[in-house]
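Accompanying notes for the structure given below.
In the UniProt record's numbering, the protein residues as written are 1 to 304.
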């Protein structure tokens, strides 16, 4: 049974007449990384940084809404989308931040505006703390990492035990066959299972740009499966407030009320910022920029 109805003629016409990005590559730490450029290079540069297990085309709706007023750039993080995978299967926060710094350096249009989701928010906030003079404004969509409670819970675990668990998980991962989907519809169904707020049209778009096709005709996600089970020293959310305190530009924090994420005002994390405001989105989960797109764009435009 076909789970994905065809797009309406009106929807197809709208997508065909909207702006489309150009594809580019750059080198960071010997890796070939990909990004999308939506044009309008004379306008202020706005960089959209996606989250873990995601890809740059996840921002297409946001990019199209902003492309007339901003020079929108959307990178694929290392190990994601059309960027290269780490040969060691190692994904350190320091490398992610370096990649973003390298991209912004090559664009040469500072100060930039940063919008990051989840892992992308954590990367963008660290960059803004390291280079406050290069960031005009920053938006973090549930990008503050673990709640203080979760950090405290993790700190109680013995470091050698964490290393042993990681080694065992990696060995199990190496023995597992990659999950394949026999049809595109099956992959779309998995996408909607992960986020039940998505419409069929949204899930189809995200899936088409998020999979590669195998030789046998099946589909698999583009991201490196070794992104699961990060190494114990990959990064620590305990150090994040030290970066937040160094950020000098206005900061917008976004929270979906149906998400698992903790409220940064209630748990005290927002107090580490010099100039931050929290916006909550009802009927939205972790991907609130998909779940409540119109309101997200309205809040983003007002903030910018």
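Backbone N, C-alpha and C fix where the C-beta goes; we use that ideal spot for every residue, glycine too.
Residue 33 and residue 83 closer than 8 Å at C-beta: Within the chain shown, the letter at position 33 stands for residue 33. Within the chain shown, the letter at position 83 stands for residue 83. Cβ atoms of residue 33 and residue 83: closer than 8 Å.
Own chain, CB closer than 6 Å to residue 139, minus 5 neighbours either side, in chain order: If you number the chain shown from 1, residue 139 lands on position 139. Result list for residue 139: 115, 252, in chain order.
Beta-ladder partner(s) of residue 277, from DSSP: Position 277 of the chain shown, counting from 1, holds the residue named residue 277. According to DSSP, residue 277 bridges with 252.
7 Å CB neighbourhood of residue 106 in its chain, flanking five on each side removed: Along the chain shown, one-based indexing puts residue 106 at 106. Excluding residues within five positions, the ones whose Cβ falls inside 7 Å are 26.
For residue 55: DSSP bridge partner residues: Against the chain shown, residue 55 aligns to sequence position 55. Paired residues: none, contrary to the question.
Endpoints, the alpha helix (DSSP H) within which residue 37 is located: Locating residue 37 in the chain shown gives position 37, counting from the first residue. Per DSSP, residue 37 belongs to no alpha helix (DSSP H); it is in the beta strand (DSSP E), 31-37.
Distance between residue 301 and residue 45 (C-alpha atoms, nearest Å): Looking up residue 45 in the chain shown gives position 45. Looking up residue 301 in the chain shown gives position 301. If I take the Cα positions, the gap works out to 14 Å.
Beta-carbon proximity list for residue 72, same chain, < 7 Å, skipping 5 on both sides: The residue you call residue 72 lines up with position 72 of the chain shown. Cβ neighbours of residue 72 beyond the five flanking positions: 38, 46, 48, 63, 66.
CA-to-CA distance, residue 285 to residue 8, given in whole angstroms: Within the chain shown, the letter at position 8 stands for residue 8. Within the chain shown, the letter at position 285 stands for residue 285. A caution first: residue 8 carries a pLDDT of 36, below 50, which makes its placement in the model unreliable, though a value can still be read off. Going by the C-alpha atoms only, they are around 27 Å apart.
DSSP state of residue 118 mapped onto helix, strand, coil: For the purposes of this step, residue 118 is identified with residue 118 of the chain shown, where counting begins at 1. Coil.
Given residue 191 as reference, the closest of 238, 54, 22 once Cα atoms are compared: Working through the chain shown from its first residue, we reach residue 191 at position 191. Of 238, 54, 22, the residue nearest in Cα terms is 54.
Residue span of the alpha helix (DSSP H) that contains residue 48, given as start and end: Residue 48 sits at position 48 when you count from the first residue of the chain shown. Looking at the DSSP string, residue 48 is not in any alpha helix (DSSP H); the run it does join, the beta strand (DSSP E), is 45-49.
Residue burial classification, residue 264 (beta-carbon count within 10 angstroms, cutoff 16): For the purposes of this step, residue 264 is identified with residue 264 of the chain shown, where counting begins at 1. Under this definition residue 264 is a buried residue.
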